[in-house]
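Engineer:
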Amino acid sequence: DNVLELHAVYGVDSDDDGLVDDWVDPRTASGEFNLTTLMSGTVLASSSIDKIKALRVALILRSNLQEKAQDATDNPFTPATLTLFSDIGLTRTRSLSADERRFRYRVVEATVPLRNAFLAPRG
469 DNVLELHAVY
479 GVDSDDDGLV
489 DDWVDPRTAS
499 GEFNLTTLMS
509 GTVLASSSID
519 KIKALRVALI
529 LRSNLQEKAQ
539 DATDNPFTPA
549 TLTLFSDIGL
559 TRTRSLSADE
569 RRFRYRVVEA
579 TVPLRNAFLA
589 PRG
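This is the structure we're talking about:
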């Protein structure tokens, strides 16, 4: 309920030490972390999927109630842009129109480790 948008990035282990070394945006990734490449079913795709050790998820939540137009115009409740993933170096922004700024927003971020990836046999 009240989820306006969901965004996600991959936590990638590039040196095979079991730790996340880099965060990759699947929308802008080229090469091995491009969605088409990951879904191709090839050996490269399998290897690339094995490198993904975590997901970082950001939810943009919006209130149900719209504020009064006069209040929102005189004193907007929400800034013109919302910022996601700024702490991991993949800053993404979401601009809000004047009508959208009549609602209140909250950005919630969480990192989800992919534990099954650690248990899967390598080969």
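Here the sequence shown is numbered in the working numbering, starting from 469 and rising by one per residue.
Beta carbons: idealized from backbone N, C-alpha and C, even for Gly.
All values derive from a computational prediction rather than experimental measurement.
How close, in whole Å, do the beta carbons of residue 481 and residue 521 come, if the pair is a contact with beta carbons under 8 Å?
Structural biologist: Confirmed, Cβ separation roughly 5 Å.
Engineer: Enumerate, from N- to C-terminal direction, the unbroken alpha helix (DSSP H) stretches of 4 or more residues contained entirely within the stretch 476-560.
Structural biologist: You should have 503-506, 511-519 and 537-542.
Engineer: So, at 7 Å on beta carbons, what are the nonlocal neighbours of residue 524 in its own chain, with the 5 sequence-adjacent residues on each side left out?
Structural biologist: These residues qualify, in order along the chain: 476, 477, 479, 491, 553, 556, 577 and 579.
Engineer: Could you give the first and the last residue of the continuous beta strand (DSSP E) run that contains residue 578?
Structural biologist: Element bounds for residue 578: 573-581.
Engineer: For residue 502, which residues from the same chain have a beta carbon less than 8 Å from its beta carbon, with the 5 sequence-adjacent residues on both sides left out?
Structural biologist: Closer than 8 Å at Cβ, skipping near neighbours: 494.
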